[in-house]
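Mapping to the UniProt record's numbering: the sequence shown position 4 is 4, numbers consecutive.
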Amino acid sequence: MEQYNGAALGELSPRVFVVADVAYRAMINEGKSNSILVSGESGAGKTETTKMLMRYLAHLGG
């Protein structure tokens, strides 16, 4: 996860961590609320993706 901290979109392979990091940095730098929408068909991994998002955001927030 650490390698995604501060990475720009497109810099590393597309991962949920980059999306979370970009949203978090925008929130901190611009002082604006953000949201991340996780969508997909049944069984596509939305719950697991959301767990990874929350874990990473908790890691960033310390």
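For every residue, glycine included, the Cβ atom is placed at its ideal position computed from N, Cα and C. On a predicted model such as this, the values are computed, not experimentally measured, just so you know.
For secondary structure counted as the alpha helix (DSSP H) over 4 or more consecutive residues, the UniProt domain "Myosin motor" (1–62) holds these complete runs in sequence order: 16–30 and 46–61. A straight-line Cα-Cα distance of about 14 Å links L57 and L37. Here the C-alpha atom of M52 lies approximately 17 Å from the C-alpha atom of A7. For G31 and S42, the gap between their C-alpha atoms comes out near 34 Å.
When only Cα atoms are considered, K46 and V18 end up about 16 Å apart.
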